[in-house]
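Q: The sequence shown begins at 68 in our numbering and counts up one residue at a time.
For glycine and all other residues, C-beta sits at the position ideal for the given N, C-alpha and C.
None of the values given here were measured: they were computed from a predicted structure.
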Amino acid sequence: MKKAKKELPDYIRGRISLDELLASRRVLQHLYEQGLMTQGEVSAALSLSQGTCNLHFQRLEYDGLLRSVRLQSAVRGPGRPTYHWEVAREKNATLGLVFDPPYVFVQLEDFAATPLLTLSASLLSCRRRVIIAEKVCALVEKATEEAQARRLILRHGFAALPGVLDPATGAVKRAVNFPTLEGLDVSALMQTHFKVPTLANSLGMAYYYGEAAEIPASTTAMVIYWDLGLGFAFGRDRQLLTVHGGDEGGRTISELGHISIDANGPRCHCGEQGCIEAYAGGWVLLQQFAKDNVASLEDLVALAASGHAGFQSTLREIAHLLGRHLAGTIQMFGVTEVRITGPLAPLFNYGQSEFLAGLSGIIGPQRASSIQVQVSIDSKTRLLAGANRAARRAYLYPDEFKRLSGLSITLQGQRLAGR
Ligand SMILES: [Zn+2]
Numbered sequence: 068m069k070k071a072k073k074e075l076p077d078y079i080r081g082r083i084s085l086d087e088l089l090a091s092r093r094v095l096q097h098l099y100e101q102g103l104m105t106q107g108e109v110s111a112a113l114s115l116s117q118g119t120c121n122l123h124f125q126r127l128e129y130d131g132l133l134r135s136v137r138l139q140s141a142v143r144g145p146g147r148p149t150y151h152w153e154v155a156r157e158k159n160a161t162l163g164l165v166f167d168p169p170y171v172f173v174q175l176e177d178f179a180a181t182p183l184l185t186l187s188a189s190l191l192s193c194r195r196r197v198i199i200a201e202k203v204c205a206l207v208e209k210a211t212e213e214a215q216a217r218r219l220i221l222r223h224g225f226a227a228l229p230g231v232l233d234p235a236t237g238a239v240k241r242a243v244n245f246p247t248l249e250g251l252d253v254s255a256l257m258q259t260h261f262k263v264p265t266l267a268n269s270l271g272m273a274y275y276y277g278e279a280a281e282i283p284a285s286t287t288a289m290v291i292y293w294d295l296g297l298g299f300a301f302g303r304d305r306q307l308l309t310v311h312g313g314d315e316g317g318r319t320i321s322e323l324g325h326i327s328i329d330a331n332g333p334r335c336h337c338g339e340q341g342c343i344e345a346y347a348g349g350w351v352l353l354q355q356f357a358k359d360n361v362a363s364l365e366d367l368v369a370l371a372a373s374g375h376a377g378f379q380s381t382l383r384e385i386a387h388l389l390g391r392h393l394a395g396t397i398q399m400f401g402v403t404e405v406r407i408t409g410p411l412a413p414l415f416n417y418g419q420s421e422f423l424a425g426l427s428g429i430i431g432p433q434r435a436s437s438i439q440v441q442v443s444i445d446s447k448t449r450l451l452a453g454a455n456r457a458a459r460r461a462y463l464y465p466d467e468f469k470r471l472s473g474l475s476i477t478l479q480g481q482r483l484a485g486r
């Protein structure tokens with residue numbers, strides 16, 4: 068028989084509320100980073116009194132975030148167990164929503180980063196935004212049912228979206244490669260239908276966090292995500308570097324693909340001429356090689372693998388152009404590692420030496436050769452993991468995202484499983 072959950076004593080309930088107490092978050096962060104620790108170790112590390120620390124521990128345990136483990140102490144000898152504490156990683160969960168047109172993916176993960184359920188749907192037939200919202204809700208519904216069945220507490224979500232987003236809400240303002248998404252506010256949708264606080268941000272953030280686990284912390288990395296469009300993200304110390312374009316006219320980093328490099332260049336989806344994306348975006352390649360029975364991004368990867376000389380030569384030209392035109396940005400951010408990810412990432416293998424040659428033409432061979440260039444393997448798996456990692460960080464480290472919105476400021480999250 069299951070034991071009924073003990074009531075939280077009034078003296079803790081009255082003094083410590085997860086809704087407002089920032090110090091509880093510091094305790095949680097410390098245990099998340101350090102693993103198993105005693106209360107004494109945590110109170111010493113955070114300069115909290117033992118009494119205060121104990122209140123935080125009881126509060127966090129009561130809310131399902133921490134659990135204690137009884138260990139025999141080697142120092143004190145047999146018969147004197149000590150209590151160690153850790154984050155209850157298997158009891159807490161996040162949802163990653165990834166909009167990678169024409170697909171949407173929803174993945175449920177626990178705090179140990181174990182994927183528990185992955186769902187997807189094609190949005191190709193969706194002519195209206197409400198239909199997209201319905202499809203997304205149906206996937207999230209299934210994922211929350213799974214969370215419930217596993218008695219997980221769903222704490223936070225992260226939605227990775229393409230295009231230009233409203234900086235305040237994360238709603239899609241402009242998505243030139245999939246206009247039906249325009250106006251979609253995933254944060255509001257998740258709050259209204261599921262009460263799950265969800266940060267909506269660029270695909271670049273999920274791509275970056277997906278790669279970041281593999282990139283040394285002190286390395287400044289540029290992540291290029293190559294799909295229908297061409298997006299960019301920069302990060303260091305496992306955090307995304309963000310630059311806001313200002314109220315009018317300026318661009319955010321992910322829009323680097325829409326910086327014009329030739330006023331008389333090819334016309335881009337965005338209405339301008341000569342954007343980097345107008346040379347290299349997946350939508351351009353699909354048009355150029357339509358005559359070779361290419362209808363999807365997967366077809367493009369297969370075409371290159373089949374040894375198509377014309378396509379491979381186009382890929383070398385694109386890589387050279389990318390090297391030349393990204394050189395300035397690479398210098399500006401001090402990038403030492405370039406990761407190419409996304410469904411078209413395998414195409415970069417045909418042009419990697421041309422990319423370095425283009426780069427070398429601007430910044431010199433010595434600097435160019437110091438830059439690590441890597442094509443990501445299994446980028447979809449990493450992307451979904453990255454979205455969940457972003458969701459965990461949005462929950463545990465909201466300060467990292469304070470310039471963004473859609474964040475829950477409490478530690479509450481959304482409890483789905485019964486107490
Ligand atoms: Zn453009």
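Measuring straight from C-alpha to C-alpha, what distance separates Ala386 and Glu365?
A: In this model, Ala386 and Glu365 are separated by some 19 Å (Cα to Cα).
Q: Could I get the ranges of all uninterrupted alpha helix (DSSP H) runs contained in the segment 307-359, with 4 residues as the minimum, in chain order?
A: Look at the segment 307-359 and you find these whole runs of alpha helix (DSSP H), each 4 residues long or longer: 344-347, 349-355.
Q: Of the choices Leu353, Leu370, Val368, whose alpha-carbon is the least far from that of Ala362?
A: Distances from the CA of Ala362 to each of Leu353, Leu370, Val368 were compared; the closest alpha carbon is that of Leu353.
Q: Out of Thr309, Glu404, Ile328, Gly118, which has the shortest C-alpha to C-alpha gap to Ser437?
A: Per the Cα distances, Glu404.
Q: Taking all protein chains shown into account, decide if Glu344 is buried (16 or more other Cβ within 10 angstroms of its Cβ) or exposed.
A: That one is buried.
Q: What span of residues does the alpha helix (DSSP H) with Lys202 cover, start to end?
A: 196-216
Q: Can you tell me which of the three DSSP states Val263 falls into?
A: coil
Q: CB-CB under 7 Å to Tyr276, same chain, minus the five flanking residues each way: which ones, in chain order?
A: Gly453, Arg456, Ala457
Q: Which residue from Leu270, Ser269, Ala255 puts its Cα closest to that of Val263?
A: Looking at the Cα atoms, Ala255 is the closest of the given residues.
Q: With H, G and I counted as helix, E and B as strand and the rest as coil, what does DSSP make of Pro246?
A: helix
Q: Give me, in chain order, the residues of the same chain whose beta-carbon lies closer than 8 Å to that of Gly341; leave out the 5 immediate sequence neighbours on both sides.
A: Ser327, Ile328, Asp329, Ala330, Asn331, Gly332, Pro333, Cys335
Q: Apply the 10 Å Cβ neighbour rule to Ala279 and answer buried if 16 or more other Cβ atoms are within range, or exposed otherwise.
A: buried
Q: Looking only at its own chain, which residues have a Cβ that is under 6 Å from the Cβ of Val442, when we skip the five neighbours before and after it?
A: Ile407, Ala412, Phe415, Asn416
Q: What runs of the alpha helix (DSSP H), each 4 residues or longer, lie entirely inside the segment 387-458?
A: 419-430, 432-436
Q: For Glu339, verify whether its CB is less than 7 Å away from any heavy atom of ligand 1.
A: yes
Q: Three or more C-beta pairs closer than 8 Å, one from the segment 150-167 and one from the segment 98-105: is that the case here?
A: yes
Q: Which one of Gly230, Arg126, Glu339, Thr185 has the shortest CA to CA distance from Met272?
A: Gly230
Q: What is the rounded straight-line gap between the Cα of Asp86 and the Cα of Tyr462?
A: Confidence at Asp86 is low in this model, with a pLDDT of 49, below 50, so its placement is unreliable and no value can be given for it.
Q: Which of helix, strand or coil does DSSP assign to Glu278?
A: helix
Q: May I have a chain-ordered list of the beta strand (DSSP E) segments no shorter than 3 residues that lie completely inside the segment 120-164?
A: 133-139, 148-154
Q: Closest by CA to Phe225, which one among Ser321, Val207, Thr287, Gln419?
A: Val207
Q: Can you give me the C-alpha to C-alpha distance between Asn244 and Leu270, rounded to a whole angstrom?
A: 13 Å
Q: For His123, which residues in the same chain have their Cβ closer than 7 Å to its Cβ, ignoring the five residues on either side in sequence?
A: Ile83, Ala90, Ser91, Val94
Q: Could you check what DSSP says for Val361 in three-state terms: helix, strand or coil?
A: coil
Q: Could you compute how far the alpha carbon of Gly431 sits from the alpha carbon of Gln439?
A: 15 Å
Q: Between the Cα of Thr286 and those of Leu184, Leu308, Asn268, Gly296, spot the shortest distance and give me the residue it belongs to.
A: Leu308
Q: Alpha carbons only, please: which of Val203, Glu249, Gly250 is nearest the one belonging to His260?
A: Val203
Q: Could you tell me which of Phe468, Gln419, Leu132, Glu322 sits nearest to Thr396, measuring between CA atoms?
A: Glu322
Q: Please determine, among Glu421, Val402, Val136, Lys447, the residue with the shortest C-alpha to C-alpha distance to Arg434.
A: Val402
Q: Can you tell me the Cα-Cα spacing of Gly473 and His375, whole angstroms?
A: The predicted model places Gly473 with a pLDDT of 37, which falls under 50 and marks its position as unreliable; any figure quoted below should be read in that light. Near 46 Å, if we compare the C-alpha coordinates of His375 and Gly473.
Q: Going by C-alpha to C-alpha distance, which of Gly349, Val197, Gly118 sits closest to Gly250?
A: Looking at the Cα atoms, Val197 is the closest of the given residues.
Q: Looking at the strands, I want to know which residues DSSP matches up with Tyr170.
A: Tyr170 is bridged by DSSP to Asp167, Ser189.
Q: Taking Thr211 as the reference, which of Val368, Tyr274, Lys240, Asp177 has the closest Cα?
A: Asp177
Q: Would you decide whether Glu421 is buried or exposed? Buried here means 16 or more other CB atoms lie within 10 Å of its CB.
A: Counting Cβ neighbours within 10 Å, Glu421 comes out buried, since at least 16 surround it.
Q: Is His336 a contact residue of ligand 3, with contact defined as CB to any heavy atom under 7 Å?
A: Only ligand 1 can be found as ligands here, which leaves ligand 3 out of the picture.
Q: What does a CB cutoff of less than 8 Å around Asp304 pick up in its chain, not counting 5 residues either side in sequence?
A: Ala284, Ser285
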